[in-house]
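S.K.: So the sequence shown is numbered by numbering that gives the first Met the number 0: it starts at 0 and just counts up by one.
Structure in structure tokens, see below.
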Amino acid sequence: MTTRITAEIAERIARAHGCVRCGERNYKRVKVSPANLAASEEFHESWHVMLRCGVCAAESELGLDDEGDVLYAH
Ligand SMILES: [Zn+2]
């Protein structure tokens, strides 16, 4: 059993990550959910975060691992 970051911390990290389109950190909506099984096995993703930018309205997705490192953002 690994100790992984909580959903609350995952949200904080995601909010600190600039928007993939405009680089702003002003999110209108942030939704944190556990990574699905395929992603957790393939990338060791722990949390999957969906973001909607409050500035340009871009939808982006972030994958975070157990330690809160950002695996991908698009
Ligand atoms: Zn944006």
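Note that beta-carbon positions come from the ideal geometry of N, C-alpha and C, so glycine has one too.
Please read these numbers as outputs of a predicted model, since none were measured by experiment.
#1: Given this structure, state the Cα-to-Cα distance separating V19 from S59, to the nearest angstrom.
#2: Indicate the three-state DSSP secondary structure (helix, strand or coil) for A38 in the structure shown.
#3: Hey, R11 and R24 are a contact pair by Cβ (cut 8 Å); roughly how many whole angstroms apart?
#4: Give me, in chain order, the residues of the same chain whose beta-carbon lies closer than 8 Å to that of I4; leave out the 5 immediate sequence neighbours on both sides.
#5: Helix or strand or just coil, what does DSSP make of A9?
M.R.: Taking the coordinates as given:
#1: Their Cα atoms are separated by approximately 7 Å.
#2: When secondary structure is reduced to three states using DSSP, A38 falls in the helix class.
#3: 11 Å between Cβ atoms; not a contact.
#4: The residues are I12, S45, W46, L63, D65, E66, G67.
#5: If DSSP states are grouped into helix, strand and coil, A9 belongs with the helices.
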